[in-house]
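Below: one structure, written as structure tokens.
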Amino acid sequence: MSTNKKEQPLTRQVYREQQRQSADDFEHRDQERVKVEREYSRTHRQAEADQPDKQPDEEATEPSSRSKITNTSDQRIHRLKQKLNLAIIGLILAIIIVYLVLFLVG
537 MSTNKKEQPL TRQVYREQQR QSADDFEHRD QERVKVEREY SRTHRQAEAD
587 QPDKQPDEEA TEPSSRSKIT NTSDQRIHRL KQKLNLAIIG LILAIIIVYL
637 VLFLVG
């Protein structure tokens with residue numbers, strides 16, 4: 537009987553049923569995955585809540601260090617933008633020079 541299935545193509549109904557079953561299986565696995573991830577998240581949140589909080593001194597210095605990090609990353613982004621703009625301008629100039637050379641030589 538399995539050789540009969542291999543020889544004859546699937547009917548639309550059988551194909552659709554297989555696709556539907558595959559989609560249902562995927563949905564079931566996805567729901568199980570989400571359920572497990574939520575449970576994992578809950579247990580780790582509880583574990584973090586059970587740990588002692590930070591010292592008051594650490595909390596007072598944290599905002600200033602975060603602002604330094606933000607300021608540093610803003611500066612880095614600005615420098616990267618400038619470098620990218622220079623690279624684009626250089627590539628455009630190189631393309632123009634190559635076209636001019638090809639046009640004048642050819």
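Taking my numbering, the leading residue of the sequence shown gets 537, the next gets one more, and so forth.
No residue lacks a Cβ here, since even glycine has one placed at the ideal position from N, Cα and C.
Model, not experiment: these values are computed from the prediction.
Inter-residue Cα distance where the pair is residue i and residue j
{"i": "Met537", "j": "Tyr576", "result": "Model confidence at Met537 stands at a pLDDT of 47, short of 50, so the residue's coordinates are unreliable and nothing is read from them."}
{"i": "Glu595", "j": "Gln587", "result": "Because the pLDDT of Glu595 is 49, which lies under 50, any placement of that residue in the model is unreliable, and the number read from its coordinates should be weighed accordingly. Spanning the two alpha carbons is a distance of roughly 16 Å."}
{"i": "Tyr551", "j": "Arg565", "result": "21 Å"}
{"i": "Gln557", "j": "Arg569", "result": "18 Å"}
{"i": "Leu546", "j": "Ile631", "result": "55 Å"}
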